[in-house]
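Residue numbers (this note's numbering), protein chains in the order written: chain Z, 14 to 296; chain P, 14 to 296; chain F, 14 to 296; chain R, 14 to 296. Each residue gets a CB set at the ideal place from its N, CA and C atoms; glycine is no exception. Please read all numbers here as calculations on a predicted model, not as lab measurements. First the structure, in the form of structure tokens, and then the observations on it.
There are 4 protein chains.
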Amino acid sequence: SRGIVLTLACPDAPGLIAETCGFIFRQGLNIIESAQFTDQTTGTFFMRIVAEPVAGESDAQALSTAFEPIAAEHRMRFTMADRSHRLRALIMVSKFDHCLNDLLYRTSIGALPIEIPAVVSNHRDSYQRVAAHDIPYHHIPISAATKERAEAKLAEIIEDERIDLIVLARYMQVLSPSLCRRFPGRVINIHHSFLPSFKGAKPYHQAFSRGVKLIGATAHYVTEDLDEGPIIEQEAVRVDQVTGPDELVARGRDVEALVLSRAVRWHAEHRILLNGTRTVVFK
Amino acid sequence: SRGIVLTLACPDAPGLIAETCGFIFRQGLNIIESAQFTDQTTGTFFMRIVAEPVAGESDAQALSTAFEPIAAEHRMRFTMADRSHRLRALIMVSKFDHCLNDLLYRTSIGALPIEIPAVVSNHRDSYQRVAAHDIPYHHIPISAATKERAEAKLAEIIEDERIDLIVLARYMQVLSPSLCRRFPGRVINIHHSFLPSFKGAKPYHQAFSRGVKLIGATAHYVTEDLDEGPIIEQEAVRVDQVTGPDELVARGRDVEALVLSRAVRWHAEHRILLNGTRTVVFK
Amino acid sequence: SRGIVLTLACPDAPGLIAETCGFIFRQGLNIIESAQFTDQTTGTFFMRIVAEPVAGESDAQALSTAFEPIAAEHRMRFTMADRSHRLRALIMVSKFDHCLNDLLYRTSIGALPIEIPAVVSNHRDSYQRVAAHDIPYHHIPISAATKERAEAKLAEIIEDERIDLIVLARYMQVLSPSLCRRFPGRVINIHHSFLPSFKGAKPYHQAFSRGVKLIGATAHYVTEDLDEGPIIEQEAVRVDQVTGPDELVARGRDVEALVLSRAVRWHAEHRILLNGTRTVVFK
Amino acid sequence: SRGIVLTLACPDAPGLIAETCGFIFRQGLNIIESAQFTDQTTGTFFMRIVAEPVAGESDAQALSTAFEPIAAEHRMRFTMADRSHRLRALIMVSKFDHCLNDLLYRTSIGALPIEIPAVVSNHRDSYQRVAAHDIPYHHIPISAATKERAEAKLAEIIEDERIDLIVLARYMQVLSPSLCRRFPGRVINIHHSFLPSFKGAKPYHQAFSRGVKLIGATAHYVTEDLDEGPIIEQEAVRVDQVTGPDELVARGRDVEALVLSRAVRWHAEHRILLNGTRTVVFK
Numbered sequence: 014s015r016g017i018v019l020t021l022a023c024p025d026a027p028g029l030i031a032e033t034c035g036f037i038f039r040q041g042l043n044i045i046e047s048a049q050f051t052d053q054t055t056g057t058f059f060m061r062i063v064a065e066p067v068a069g070e071s072d073a074q075a076l077s078t079a080f081e082p083i084a085a086e087h088r089m090r091f092t093m094a095d096r097s098h099r100l101r102a103l104i105m106v107s108k109f110d111h112c113l114n115d116l117l118y119r120t121s122i123g124a125l126p127i128e129i130p131a132v133v134s135n136h137r138d139s140y141q142r143v144a145a146h147d148i149p150y151h152h153i154p155i156s157a158a159t160k161e162r163a164e165a166k167l168a169e170i171i172e173d174e175r176i177d178l179i180v181l182a183r184y185m186q187v188l189s190p191s192l193c194r195r196f197p198g199r200v201i202n203i204h205h206s207f208l209p210s211f212k213g214a215k216p217y218h219q220a221f222s223r224g225v226k227l228i229g230a231t232a233h234y235v236t237e238d239l240d241e242g243p244i245i246e247q248e249a250v251r252v253d254q255v256t257g258p259d260e261l262v263a264r265g266r267d268v269e270a271l272v273l274s275r276a277v278r279w280h281a282e283h284r285i286l287l288n289g290t291r292t293v294v295f296k
Numbered sequence: 014s015r016g017i018v019l020t021l022a023c024p025d026a027p028g029l030i031a032e033t034c035g036f037i038f039r040q041g042l043n044i045i046e047s048a049q050f051t052d053q054t055t056g057t058f059f060m061r062i063v064a065e066p067v068a069g070e071s072d073a074q075a076l077s078t079a080f081e082p083i084a085a086e087h088r089m090r091f092t093m094a095d096r097s098h099r100l101r102a103l104i105m106v107s108k109f110d111h112c113l114n115d116l117l118y119r120t121s122i123g124a125l126p127i128e129i130p131a132v133v134s135n136h137r138d139s140y141q142r143v144a145a146h147d148i149p150y151h152h153i154p155i156s157a158a159t160k161e162r163a164e165a166k167l168a169e170i171i172e173d174e175r176i177d178l179i180v181l182a183r184y185m186q187v188l189s190p191s192l193c194r195r196f197p198g199r200v201i202n203i204h205h206s207f208l209p210s211f212k213g214a215k216p217y218h219q220a221f222s223r224g225v226k227l228i229g230a231t232a233h234y235v236t237e238d239l240d241e242g243p244i245i246e247q248e249a250v251r252v253d254q255v256t257g258p259d260e261l262v263a264r265g266r267d268v269e270a271l272v273l274s275r276a277v278r279w280h281a282e283h284r285i286l287l288n289g290t291r292t293v294v295f296k
Numbered sequence: 014s015r016g017i018v019l020t021l022a023c024p025d026a027p028g029l030i031a032e033t034c035g036f037i038f039r040q041g042l043n044i045i046e047s048a049q050f051t052d053q054t055t056g057t058f059f060m061r062i063v064a065e066p067v068a069g070e071s072d073a074q075a076l077s078t079a080f081e082p083i084a085a086e087h088r089m090r091f092t093m094a095d096r097s098h099r100l101r102a103l104i105m106v107s108k109f110d111h112c113l114n115d116l117l118y119r120t121s122i123g124a125l126p127i128e129i130p131a132v133v134s135n136h137r138d139s140y141q142r143v144a145a146h147d148i149p150y151h152h153i154p155i156s157a158a159t160k161e162r163a164e165a166k167l168a169e170i171i172e173d174e175r176i177d178l179i180v181l182a183r184y185m186q187v188l189s190p191s192l193c194r195r196f197p198g199r200v201i202n203i204h205h206s207f208l209p210s211f212k213g214a215k216p217y218h219q220a221f222s223r224g225v226k227l228i229g230a231t232a233h234y235v236t237e238d239l240d241e242g243p244i245i246e247q248e249a250v251r252v253d254q255v256t257g258p259d260e261l262v263a264r265g266r267d268v269e270a271l272v273l274s275r276a277v278r279w280h281a282e283h284r285i286l287l288n289g290t291r292t293v294v295f296k
Numbered sequence: 014s015r016g017i018v019l020t021l022a023c024p025d026a027p028g029l030i031a032e033t034c035g036f037i038f039r040q041g042l043n044i045i046e047s048a049q050f051t052d053q054t055t056g057t058f059f060m061r062i063v064a065e066p067v068a069g070e071s072d073a074q075a076l077s078t079a080f081e082p083i084a085a086e087h088r089m090r091f092t093m094a095d096r097s098h099r100l101r102a103l104i105m106v107s108k109f110d111h112c113l114n115d116l117l118y119r120t121s122i123g124a125l126p127i128e129i130p131a132v133v134s135n136h137r138d139s140y141q142r143v144a145a146h147d148i149p150y151h152h153i154p155i156s157a158a159t160k161e162r163a164e165a166k167l168a169e170i171i172e173d174e175r176i177d178l179i180v181l182a183r184y185m186q187v188l189s190p191s192l193c194r195r196f197p198g199r200v201i202n203i204h205h206s207f208l209p210s211f212k213g214a215k216p217y218h219q220a221f222s223r224g225v226k227l228i229g230a231t232a233h234y235v236t237e238d239l240d241e242g243p244i245i246e247q248e249a250v251r252v253d254q255v256t257g258p259d260e261l262v263a264r265g266r267d268v269e270a271l272v273l274s275r276a277v278r279w280h281a282e283h284r285i286l287l288n289g290t291r292t293v294v295f296k
């Protein structure tokens, strides 16, 4: 794709849309998508614009510099992304690889605008599946003794492969607080429950015990507080008495893969803006 | 409707269906609906049969007596209900009356097989709405000082009107433990969240603060532990950043009314069997 | 509510958002909601803006006049609605009144921003239900012989009550082509199928015969071609073999009421723009 | 899995459940799942029983022979399947292979109780994807001139591989009437619309033109009448103006894969009984 994606957040004020769109227009760009939202509870304005140059190529770096005075005046946080840059995503997985399979397939047919330069796992189980896609598979086993060394290896891969986004696709190890802090808003996890219900381990067994009639999955950004990060997307699916614990796991697979792939796509398309502990998603 | 509804639960064993259906057949009844379920985790067998007499009328009381030896042999809990008896439901409501309106309308067009001999409220707000349906409206205000007397009045109405089922249709007062104990499995509440998330007060505000992407409603039997009783039905509905706290309340209304009306219908049709802290629902 | 709602459609071009939002800003208004969409297949740009005056009151008529030069320059169709004006909706119904009941209730609690100055029916069935809301009920029976006179009466009510919107809430008579032509985009019908499946009469029976696993409902603007007008909203609900023709009707009721109330609300909030035979809905 | 699955359909009569379950009991089997349904419009009774031997092994062939007198007496169509036999499914695909990928993955993790001895395609596109699963890929190109020879090859594969079930997973060629007749109720197709809407070619483009607000997918048995066979499963997904024709295709992929995998699983578990042009599905 050509052009840029501008996202911004700032205190609400009259004239913000006119000023921002006026800037885009004067820079010789045509807006092809635009969405705004004002959080009335905090008085914060959020905006996302996709724009293409009327002629020639756009230079996201130059546009970013040109936009800085406006941003400064209105105390905006903003990003100016080049649409031709595909985010480089690292997928991490343990034994259950339905989300991994889903992400690999979607990426292979062009349905997910990311590149996957590497997959990391603490198990060997998914090696052949990843190899069939011709993507490097890094097996980094983790034990109490090796945890620190494993994280060092991971950090090396992230740096070497210039990773933009880490996707925890049913990765059952907890990332260290320091790693979480280094990538705020850039690590997405799928939790197999309808958060905040059933945090922690074995959510499907918790759901079975409580006798719920719907189960869910939640994609969220990872923060130091486990299962407490900003929620990106959720989905629920109906269950009943026939759905024993094993069948819950099976039903959950479909909804987990769907929810995670949506979250990754929205992130890759710069559709998600952080709003404190919540998210604004411009679908 | 003619005929009976038999529901039963007992330890699983070979031959239970054959023996029960054989009994029904020998009593001159034709099975028109039948469903079974075995909970593998507890080894409990559940069954529901709807049957009509091949000729003439059935006598639920006599059938119940005739079934007792089989029930005793297999340690069955069972109920034998006369389909011509409509459950007599007491509706209780505070200020928000969307669930009440829904139950009244469904009952009035024959979509809900219950009778509503009385509505009780701690407010006057819904009086005209109930009066338009020609149903007695009992205004029982509640304060710390009058709580005990109010419950005594309620108990009187329940007895006078031979109430089979109490429906808490957004009734914002807590029933006393003694009342809950007197009607186990016969008081249905609608909670405006996707339990076990957001127990207690103001669940929509809790949901907004946590930034969830789906909200829900839960119909459950009332026990002494608030919001912990066996879940009958749940439903979820999508929300996003545009959905502020007030709009959450509005979206929740539809799903609350739907979930509660399903739970009441299933109860009235003897489709719900208690399975410890969970429910088996034969839809 | 204070302020105005501006909706517009025109050939796409660079700078439209900046120019429109600049106009709003210069008129002393603050944008509180804004949404845009470009139909790539036709090159048409659509926009909806909700704005409040920074101080004092806004004058929709004056703003409309002031906006005309911009509109003319870009060949815009536009509307400038005063948010304090509630649309005056005429509800028409035959025998099934679940949609009517739903619209009356929502309006009574303020969930639907309309006024209902009159209900028209070719039957007497819903009289008491409407009377309980203190709304005039016009019984206009229709036969082949009286059809013309009935339409004349209807036209009189529409004029006397200054009706903005006609809602066919399971009204089983066909409006005359001339009436349809007089109110383009101002008559909303609920059809009890998932259009374009099962046009015409008895859609639930058609659905049962075909053995579908989902049934639906469709709210659409009425045009001279029956069941072919622009679709506003649709929803589907799961059915199975147990769902006989009567139960299909029962399940359909909930989804019909929900779909129609959404369509009416979106229309009343000026969220729907016609796009040829399709609609753009800014939710 | 051990044991058998018995499915049957016959004219309704009193005592059918008791007699059938009595047979199962006397043969030394324990019923672990059982479901019945009576179609009131045709007076037909349907039943499915899953049973395990209380001790040792069951012999489906012997049980079938033993059941024949009961079946003959009540004019039952019935099947007695050995649960240890996994259906052998041939997958056919053209260029879009999302359904194929989904079926391969589910089968590989044991979520779909089938074997896939062969994949047939009129294109080479999916070769590597199938090869990664170590499953033979038969490339059978089809043109007007080669159609007959292609079908002969297909018939050979079906015979050589003892195929029980043919799955058309977005196979864009029409099977010959003679092939359809040879495998009644054993060829499942996924159609990418909510049938009966948008039969024939390019349903997503038809859906876009009509401006529908939901799109769907339909899994059905193939008969000689294209897109008219008995429907097994359907699902719908929400779209809006932003969803252009290409994005409709993308959204449709998920729902197609889900619907087809359900249909294949239910067929493989003997959960689907034909009921004229409709299906009874015991989920």
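P197(F) carries a coil assignment under DSSP once its states are collapsed to helix, strand and coil. In the DSSP assignment, P130(Z) falls within the unbroken beta strand (DSSP E) covering I127 to S134.
Inclusion of G224(F) and P243(R) in the CB contact set at 8 angstroms is warranted, their separation being smaller than that value. What A31(F) touches in chain Z, judged by beta-carbon distance under 7 angstroms, is A31, C34, G35 and F38, going in chain order. An exposed status is given to T78(Z), since fewer than 16 other beta-carbon atoms sit within 10 Å of its beta-carbon. Scanning chain F for C-beta atoms nearer than 9 angstroms to the C-beta of N43(Z) yields D25, A26, P27 and G28, reported in chain order.
Within the same chain, and ignoring the five residues on either side of K108(P) in sequence, the residues whose Cβ sits closer than 7 angstroms to its Cβ are H136 and D138. In this structure, V67(P) lies away from P24(R), with their beta-carbon atoms at least 8 angstroms apart.
Shown here, Q219(R) sits in a helix according to DSSP, grouped into three states.
H280(F): not part of any beta strand (DSSP E); member of the alpha helix (DSSP H) spanning P258 to A281, first to last residue.
Its Cα nearest to that of L208(Z), the residue G229(P) stands out among G229(P), A144(P) and P197(P). Of the other Cβ atoms in all chains shown, 16 or more fall within 10 Å of the Cβ of P216(Z); this residue is therefore buried. Cβ neighbours of Y118(F) within its own chain (closer than 6 angstroms, five residues either side excluded): none.
R39(R) carries a helical assignment under DSSP once its states are collapsed to helix, strand and coil.
A buried status is given to T120(F), since no fewer than 16 other beta-carbon atoms sit within 10 Å of its beta-carbon. Judged by their CB atoms, A48(R) and R61(R) are nearer to each other than the 8 angstroms cut-off. According to the DSSP assignment, R291(R) belongs to the beta strand (DSSP E) that extends over R291 to V294. Residues of chain F whose Cβ lies closer than 9 angstroms to the Cβ of P243(R) are, in chain order, G224. Close to chain F, meaning a Cβ-Cβ distance shorter than 9 angstroms, are the following residues of the region 197-213 of chain R: F207, L208, P209, S210 and F211. Per DSSP, F80(R) is one residue of the alpha helix (DSSP H) stretching across A73 to E86. When C-beta distances to chain R are compared with 8 angstroms, the residues of the region 56-84 of chain P below that value are V67, in chain order. No Cβ of chain F is located within less than 8 angstroms of the beta carbon of D138(P). Residue contact with chain R for T256(F): absent (no Cβ-Cβ distance below 8 angstroms to any residue of chain R). For Y184(F), the three-state secondary structure derived from DSSP is coil. Chain-order list of chain R residues neighbouring A263(Z): A124, by C-beta distance under 7 angstroms. At a cut-off of 8 angstroms between beta-carbon atoms, S14(F) makes no contact with chain Z.
Between T231(Z) and chain F, the shortest Cβ-Cβ separation is not below 8 angstroms.
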